[in-house]
Every structure is written in structure tokens, then in C-alpha cells.
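Residue numbers (the working numbering): 306 to 414. Let me begin by presenting the structure, written as C-alpha cells, before commenting on it.
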């Protein structure tokens, strides 16, 4: 269940962060509400994941996948473009998460 909770935390964080831009400096109530609730759910589900997953691993996966997903949303919703160094860096983040998951002793296999 911990990985499920971590996935929910990541989804909630991505929704909240995606809404942040739409708040227009907190002048739009609906996106602001979505952002606040999303971050609340993100941290709640992250605490549930932390019942059995190590903090460092949980945060690495949460933040790493969040960065990549937010970048994809930026491309799709806001017509943002990533340059080659950004793509390489995100690839390295994904590789880091995979390496931790596959080889680290902090994660129960």
C-alpha cells in the first residue's frame, strides 16, 4: 500500500503545482483552492507512505517524478519547451530513481 500512497501523493502534488500558475498570484479562487487541497492531500498521502518507506527514498521518488511530470504538463498545457540539458537532467533524475529502486538496500525488494 505504501507505493500506492506514494503514487497518490505524487499525483496530488502534480495537480497542486499545475494549479499554482493558474492561481495568478492567488487572485483566482478556484485554482487557489485546488492548489491548497492538492498540497494537503499530497502531504497526507506522503505521511502514509512513510509508515514503511524510508524518508530519503520517498522524497527522492516524490520530488523526482514530480519534476518530470510537471515538466510534461508545462509542455502540454503552457507550451513550454525543454532544451537538451533539461531533458538530459530529467533523464538522470529518472535513472537515479530507478537505480535506487533496483539496487539500494534502503528499499525492501
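All residues carry an ideal CB built from backbone N, CA and C; glycine is no exception. This one's a predicted model, so the numbers in the text were calculated from it and none came from an experiment.
{"Asked": "Residue closest to residue 314, alpha-carbon to alpha-carbon, out of 335, 331, 352", "Found": "352"}
{"Asked": "Buried versus exposed call for residue 322 [16 or more other C-beta atoms within 10 Å across all chains shown]", "Found": "buried"}
{"Asked": "Under 8 Å between C-beta atoms of residue 411 and residue 369", "Found": "no"}
{"Asked": "Runs of alpha helix (DSSP H) lying entirely within the region 352-385, each at least 4 residues, in chain order", "Found": "360-383"}
{"Asked": "Residue 334 versus residue 320: straight-line alpha-carbon distance, rounded", "Found": "15 Å"}
{"Asked": "Classification of residue 409 by the beta-carbon crowding that lies within 10 angstroms, buried from 16 upward", "Found": "exposed"}
{"Asked": "Opening and closing residue of the alpha helix (DSSP H) in which residue 325 lies", "Found": "307-327"}
{"Asked": "Close beta carbons around residue 365, own chain, < 8 Å, minus the five adjacent residues each side", "Found": "401, 402, 405"}
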